[in-house]
Structure formats: structure tokens, C-alpha cells
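Novice:
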Amino acid sequence: MAAFLYDRLVTDHEYVQRVRQQRPSALLPVIAAASARWHDATWWNSPYRKYTPWALADIARVSLTYGNEYRGDGGCTENDLLSMLAAYAALTDPMVRDKGSFDSVSGWLLRVSGEQFTFQESGFSDLARTAALFDQTSPARTPTCLVDGWDEELLGCSLSDYVGVAQLLHVAAQHNAGRFDLAWLRQPQMEKVCSVIPADTIREVTERHFVTDQKAFRAENEARRLSRDPHLRRFEYNPLRGHPFLSGFGPGCLAPSTHLVAPKGSPLGLYYLGIAHFGNAFAQELGDLFEQYVGRQLRQLPDAAVHPEIIYRDERRSVDWIVIFDDLILLVEVKSTRPTQQLRLGVLDRTNTALRQLQHAHQQVATTAALITSRHPSFTHIPADRPVHGLVVTMEPFHTANAPFQREGHPDTDTFVTVCSASELEHLVTLHDTSVSRLLRERQADPLQSTYSLSTALTGENLGRNLILDAGWDSYPWKRHADLGETDAASPGAAAG
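Residues 2 to 498 (my numbering) make up the sequence shown, in order.
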């Protein structure tokens with residue numbers, strides 16, 4: 002089969018019709034098996050590099066939403082799936098319709114980053130951060146929501162067990178062509194697994210938080226759509242992110258996108274659960290925790306002094322953290338924020354609200370820098386004899402936040418500001434062989450690299466272990482019971498066959 006089945010652009014309608022040629026009951030297991038086979042970054046080695054996790058997830062979404070059991074002969078081959086993947090890769094975009102205008106190119110960058118980069122985050126970091134943030138970071142303010150027992154109320158089990166279930170389901174699905182059957186829990190080889198997390202807990206958490214059916218999927222997919230533009234359909238929220246397993250498609254439950262199972266245990270997965278259950282109080286208290294978490298990460302820097310925010314005139318506050326190096330003052334503003342769905346659609350006139358927090362963070366950096374330079378009485382302990390750099394740390398990545406088209410919406414100040422995610426900060430503080438301050442100054446001086454994400458500057462650098470993430474990871478059930486190995490959790494399906 003040719004690497005590019007289409008030598009032209011494909012409309013969304015044509016792509017959807019191609020997916021509909023196969024029945025969901027035949028197509029979805031093929032997608033799930035492909036997703037399990039080309040897991041993590043191995044899809045780079047897949048046929049023609051077409052088996053991308055975002056394409057597989059959308060083909061599953063289209064089949065669930067628009068497919069029916071009355072088409073075709075009930076079969077589905079690997080070539081059928083590959084032809085759908087080729088159609089997906091050839092999909093047209095509003096940028097083409099709008100003839101490559103500045104706004105349309107900017108929108109395309111937002112859409113592509115939201116579509117693809119979210120599948121390329123570190124699974125270890127995301128899951129380890131959950132315990133490090135929620136269980137191992139102390140809040141600065143007395144919580145009313147995140148109190149003892151909040152996890153049991155929200156999840157039906159401890160936070161540790163919840164992440165443990167996510168890990169179990171992820172590994173089992175990858176080793177069983179995307180399937181997990183709760184009946185496996187009754188098999189003898191699962192006794193060790195169920196001695197770590199009780200079978201009832203695994204069953205209840207799986208059914209409550211991970212599994213949906215086609216009817217519920219369709220209803221949520223329709224309810225969550227923000228646009229009727231067919232060019233934007235594939236960038237809309239995919240309900241598989243909330244419930245990655247499906248019932249009704251063969252024995253047990255099926256994960257068409259195994260890449261979406263583990264992220265249920267990430268801070269982002271918990272954020273949406275917490276907001277739905279506790280309301281805005283959850284978001285506010287998570288923001289406080291995240292601010293303290295960033296401080297913990299910064300204190301790992303071996304050659305810097307870290308100061309908390311400074312309260313000055315009329316109870317005003319500086320940036321959240323001030324980091325003093327011998328050759329740089331780093332002003333760190335923390336924002337527990339994440340790209341909204343409007344931002345992921347890339348429609349620029351919808352993004353002002355989503356970016357408002359980043360704009361405010363830039364202003365906070367500029368204000369604090371001015372207070373240091375002017376020698377305000379509350380800031381005299383901060384040196385004013387060295388360059389000042391701003392760092393805005395977000396809970397989730399804003400992949401294009403440093404690009405020129407997004408910088409235009411930020412306040413015009415004399416202080417250079419970099420936006421980075423929690424994951425990028427977690428890597429930055431482990432830098433060996435060179436100082437973080439030197440890397441940031443060299444990045445600022447590079448007119449091209451300074452417009453990229455911070456992770457680009459870390460490529461090829463010598464990075465160590467992040468002890469905070471390691472402690473978070475070590476708190477989970479399977480790490481505490483490492484003698485189980487991976488095979489007990491991974492191979493029940495093979496034994497059942």
C-alpha cells in the first residue's frame with residue numbers, strides 16, 4: 002500500500018464516510034490492538050508513521066459517533082485501518098481555506114499542538130506528580146475541600162490506589178490488545194495483584210471512572226462540541242479522555258486508545274473529576290498546592306536562594322517565588338491553569354479568556370521587577386545588580402506560549418519572560434554540568450530558541466533524577482510491591498484464552 006493513499010486534501014465528510022464503511026464492532030478492536038501495539042513513542046516506527054495516537058483516538062470517536070452495525074460485511078482488516086489513518090493524515094484545515102493568513106497559521110499551530118503534543122507528555126512525570134502534589138505537598142492555607150478523606154469521597158478509594166488502578170489498567174490493556182476483563186480478577190494468577198489492591202476496589206473504580214458505553218459516549222460527544230465547523234470537529238474534546246474503556250464490544254471492556262488510560266491518574270484527570278464534584282473550591286485549593294509544589298521544585302536548585310512572595314503596600318503581592326542566582330534574578334509566577342477547549346480549537350478570537358491568566362502573570366513579573374529596580378523598601382533584600390528573568394509556570398503545557406504570535410498579546414515590558422509547564426520545570430531543576438541561570442540567559446540571547454518551548458533548550462543536556470517525582474512514584478502500590486513484577490498484572494488475558 003502506498004505511504005500516501007491520498008495525493009490531495011481530504012474533507013472531514015469524506016474521512017467520516019470512510020470510517021463508517023466498517024462496523025464499530027469490527028473496527029474498534031482493530032484500533033485498540035493497534036494502539037496497544039504502537040504504544041508510547043513506538044508509533045514512530047509504525048507503517049508509514051500513520052499509527053499516531055491522536056489519529057487512532059479520533060477514528061474510534063468517529064466510529065462510535067457515526068458508525069452503525071448495518072454496513073459492510075462485518076470484517077475489518079489492517080489495510081482498512083491504514084486507509085483511514087491515511088485519510089486522517091490528509092485532512093484539510095481552516096488554514097488552507099483562509100489561504101495561510103497570519104491568524105489562520107497561528108490557529109493551526111494552536112490546534113496541532115493541542116492535538117498532538119498532549120499525547121507526548123511523560124507518563125512517569127504526570128503520574129508521579131499526582132502523589133507529589135496532592136499527598137506530599139503541604140498547603141499554605143487551611144483547606145476546606147482537600148481535607149482528610151477527600152480522595153475517598155471523590156474516587157471511592159485512596160489516591161494511591163486510584164493511580165494504582167490506572168497503572169494496572171494501562172499495563173493490562175497494552176498487553177491484551179486493548180482489553181481488560183474484570184472477570185480476570187477471579188483467576189488464580191491475579192491473587193497477588195488483588196492482595197495489593199482489593200478486587201472490589203479495582204472493580205468499583207474501573208466501572209465508576211474508566212468505562213462508558215456507546216450511547217453515553219455519543220451523548221457526551223454531542224454535548225461537549227463547541228463548534229459546528231467540520232474543519233474543527235477532530236480537535237473537539239474526545240470523551241475517551243474521560244472514560245477510555247468501552248463496554249459492549251466483546252468480552253470485558255475495550256480501550257480503543259490505550260494512550261488515554263494512564264492520564265486518568267494525572268493531575269489533569271483529577272482536576273476535572275474534582276471540579277465536577279467539589280466545584281470551584283477544588284480548583285482554588287489545587288492552585289494553592291501547586292504554588293507550594295513549584296516552591297519545592299525550585300528549592301532543589303543547588304546554586305540558588307529561593308524566597309517566597311513578598312507582601313507590600315496595601316496587601317499587594319509580588320510574584321510567587323523569587324530565585325536568586327549569582328548572575329540572575331528569576332521571578333517565578335505560578336498559574337494553576339491549562340489550555341481550554343476553545344484554545345485547542347485555535348480560534349483566536351476565543352482565546353482571550355484562556356490567555357488572561359498568562360497575561361496577568363507577565364504583568365506580575367514586570368511589576369515585581371520594577372519594585373526590585375526602584376529599591377522599594379520591601380524588596381531591598383533582593384539584589385538589583387544583575388539581570389532579571391521571568392518564569393511563568395503552568396500546571397499543564399501551553400505549547401506555543403513563547404511563540405511570537407502569542408507573545409503579542411502579553412504586556413510589553415523590559416523583562417524577558419518564559420512560559421513553561423510543571424513538567425519542564427521538573428526537568429529544569431535537575432540540570433547538571435551547567436547552571437540553570439546560564440541556560441536561561443543563553444536561551445534568551447538566542448532569537449530563535451527563545452520562541453520555542455523551554456524543553457527545547459534542555460535537549461541534549463545532562464539531567465539528573467528529580468527526587469520529588471521519585472518520591473511520588475515510590476508511594477504507589479506497584480512500586481511498593483515491586484516483587485510482583487509486571488507479568489502478574491499484564492498477562493491475565495493470555496491465561497484466560
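Where is the CB? At the ideal position from N, CA and C, for every residue including glycine.
Which residue spans inside the stretch 145-176 form an unbroken beta strand (DSSP E) run of at least 3?
Specialist: none
Novice: Let me know the beta strand (DSSP E) ranges lying completely inside the stretch 248-325, each 3 residues or longer, listed in chain order.
Specialist: 306-309 and 322-325
Novice: With a threshold of 6 angstroms on Cβ separation, who are the neighbours of S456 within its own chain once the five nearest residues in sequence on each side are excluded?
Specialist: As a working mapping, residue 456 is identified with position 455 in the sequence shown. Here the set comprises E425.
Novice: In whole angstroms, give me the CA-to-CA distance for Q445 and Q190.
Specialist: The residue given as residue 445 occupies position 444 in the sequence shown. The residue given as residue 190 occupies position 189 in the sequence shown. Their backbone Cα atoms lie some 55 angstroms apart in a straight line.
Novice: Determine the DSSP secondary structure at S36, reduced to helix, strand or coil.
Specialist: Locating residue 36 in the sequence shown gives position 35, counting from the first residue. Looking at S36 - three-state DSSP - the assignment turns out to be helix.
Novice: Given a threshold of 16 other Cβ atoms within 10 Å of its Cβ, counted over all protein chains shown, does G448 qualify as buried or as exposed?
Specialist: Within the sequence shown, residue 448 is the residue found at index 447, counting from 1. It should be pointed out that residue 448 corresponds to Pro in this sequence rather than to Gly. A residue is called buried once 16 or more other Cβ atoms fall within 10 Å of its Cβ, and P448, having fewer, is exposed.
Novice: From this set, L233, P231, V262 and G253, which residue's C-alpha is nearest L241's C-alpha?
Specialist: Position 240 of the sequence shown, counted from the start, is the residue given in the question as residue 241. Nearest option by C-alpha distance: V262.
Novice: Among L346, V366, A367 and K336, which residue has its Cα nearest to the Cα of Q358?
Specialist: For this step, residue 358 is matched to residue 357 along the sequence shown. Comparing Cα-Cα distances from Q358 to each of L346, V366, A367 and K336, the minimum goes to K336.
Novice: Cβ atoms of V393 and V366: under 9 angstroms apart, would you say?
Specialist: As a position in the sequence shown, residue 366 is number 365, starting the count at 1. As a position in the sequence shown, residue 393 is number 392, starting the count at 1. Cβ atoms of V366 and V393: closer than 9 angstroms.
Novice: When we look at the beta-carbon of Y16 and count the other beta-carbons within 10 Å, is it buried (16 or more) or exposed?
Specialist: As a working note, residue 16 is residue 15 in the sequence shown. Its Cβ being crowded by 16 or more others within 10 Å, Y16 is buried.
Novice: What residue does the alpha helix (DSSP H) around T66 start on, and which one ends it?
Specialist: Numbered from 1 along the sequence shown, position 65 holds the residue referred to as residue 66. Residues P54 to Y67.
Novice: Could you tell me which of V20, P48, L128 and E79 sits nearest to T66, measuring between CA atoms?
Specialist: As a first step, residue 66 must be located in the sequence shown, where it is residue number 65. Among V20, P48, L128 and E79, the Cα nearest to that of T66 belongs to V20.
Novice: Does DSSP classify T369 as helix, strand or coil?
Specialist: Mapped onto the sequence shown, residue 369 falls at position 368. Note: T369 maps to helix in three-state DSSP.
Novice: So the beta strand (DSSP E) F135 belongs to, where does it begin and stop?
Specialist: Indexing the sequence shown from 1 puts residue 135 at position 134. Counting along the chain, F135 falls outside any beta strand (DSSP E), though it belongs to the alpha helix (DSSP H) covering G124 to F135.
Novice: Kindly confirm or deny that the stretch 173-193 and the stretch 305-317 touch, where touching means at least three C-beta pairs closer than 8 angstroms.
Specialist: no
Novice: In the structure shown, what three-state DSSP assignment does H390 receive?
Specialist: The residue labelled residue 390 in the question sits at position 389 within the sequence shown. Strand, per DSSP.
Novice: Would you kindly report the start and end of the unbroken alpha helix (DSSP H) that includes C195?
Specialist: The residue given as residue 195 occupies position 194 in the sequence shown. Note, C195: alpha helix (DSSP H), E192 to V197.
Novice: Between E462, R24 and T119, which has its C-alpha nearest P340's C-alpha?
Specialist: Within the sequence shown, residue 340 is the residue found at index 339, counting from 1. Nearest C-alpha to P340: T119.
Novice: Once the 5 residues before and after V11 are set aside, which same chain residues still bring their CB inside 6 angstroms of it?
Specialist: Numbered from its first residue, the sequence shown carries residue 11 at position 10. These residues qualify, in order along the chain: A88, A91 and L92.
Novice: Under three-state DSSP, which class holds V20?
Specialist: Locating residue 20 in the sequence shown gives position 19, where the first residue counts as 1. Three-state result, V20: helix.
Novice: Using the Cβ count rule (16 or more neighbours within 10 Å means buried), how would you classify D413?
Specialist: Mapped onto the sequence shown, residue 413 falls at position 412. Exposed is the call here.
Novice: On the CB-based measure, 16 or more other CB atoms within 10 Å of its CB, does G461 come out buried or exposed?
Specialist: The residue labelled residue 461 in the question sits at position 460 within the sequence shown. Exposed, since its Cβ has fewer than 16 Cβ neighbours within 10 Å.
Novice: In this structure, how does DSSP classify S379 when only helix, strand and coil are distinguished?
Specialist: Working through the sequence shown from its first residue, we reach residue 379 at position 378. Looking at S379 - three-state DSSP - the assignment turns out to be helix.
Novice: Drop a sphere of 10 angstroms on the beta-carbon of H260, count the other beta-carbons inside from all chains shown, and report buried for 16 or more, exposed for fewer.
Specialist: Position 259 of the sequence shown, counted from the first residue, corresponds to residue 260. Buried, by the Cβ-count rule.
Novice: Using DSSP bridges, identify the partner residues of I330.
Specialist: What you label residue 330 is simply residue 329 of the sequence shown in a count that begins at 1. I330 is bridged to I325 and V389.
Novice: Under a three-way DSSP split, which group does R204 fall into?
Specialist: As a working mapping, residue 204 is identified with position 203 in the sequence shown. Three-state result, R204: helix.
Novice: Taking only the alpha-carbon atoms, compute the straight-line gap between Y7 and L83 and give it to the nearest angstrom.
Specialist: Locating residue 7 in the sequence shown gives position 6, where the first residue counts as 1. Locating residue 83 in the sequence shown gives position 82, where the first residue counts as 1. Cα-Cα distance, rounded: 12 angstroms.
Novice: I think V430 touches N467, with their Cβ atoms under 8 angstroms apart; what is that distance to the nearest whole Å?
Specialist: Looking up residue 430 in the sequence shown gives position 429. Looking up residue 467 in the sequence shown gives position 466. 7 angstroms between Cβ atoms; contact.
Novice: Restricting to Cα atoms, I'd like to know which of R204, P54 and C421 is closest to L170.
Specialist: As a position in the sequence shown, residue 170 is number 169, starting the count at 1. Of the listed residues, the one whose Cα sits closest to L170 is R204.
Novice: So, at 8 angstroms on beta carbons, what are the nonlocal neighbours of S530 in its own chain, with the 5 sequence-adjacent residues on each side left out?
Specialist: Given a span of 2 to 498 for the chain in the structure shown, any question on residue 530 remains unanswerable.
Novice: If you reduce the DSSP assignment to three classes, tell me which class M2 lands in.
Specialist: If you number the sequence shown from 1, residue 2 lands on position 1. Confidence in M2 is poor, its pLDDT being 48 and thus under 50, which makes the residue's placement too unreliable to answer from.
Novice: Give me, in chain order, the residues of the same chain whose beta-carbon lies closer than 6 angstroms to that of G124; leave out the 5 immediate sequence neighbours on both sides.
Specialist: The residue given as residue 124 occupies position 123 in the sequence shown. Excluding residues within five positions, the ones whose Cβ falls inside 6 angstroms are A263.
Novice: Would you say F246 and F291 are within 9 angstroms of each other, going by their C-beta atoms?
Specialist: For the purposes of this step, residue 246 is taken as the residue at position 245 of the sequence shown. For the purposes of this step, residue 291 is taken as the residue at position 290 of the sequence shown. F291 sits away from F246, with the two beta carbons spaced by 9 angstroms or more.
Novice: Taking 9 angstroms as the cut-off, decide whether the C-beta atoms of A37 and N177 are in contact.
Specialist: Position 36 of the sequence shown, counted from the first residue, corresponds to residue 37. Position 176 of the sequence shown, counted from the first residue, corresponds to residue 177. Yes.
Novice: Just the Cα atoms here: how many angstroms apart are G280 and Q343?
Specialist: What you label residue 280 is simply residue 279 of the sequence shown in a count that begins at 1. What you label residue 343 is simply residue 342 of the sequence shown in a count that begins at 1. The alpha-carbon atoms of G280 and Q343 are separated by roughly 21 angstroms.
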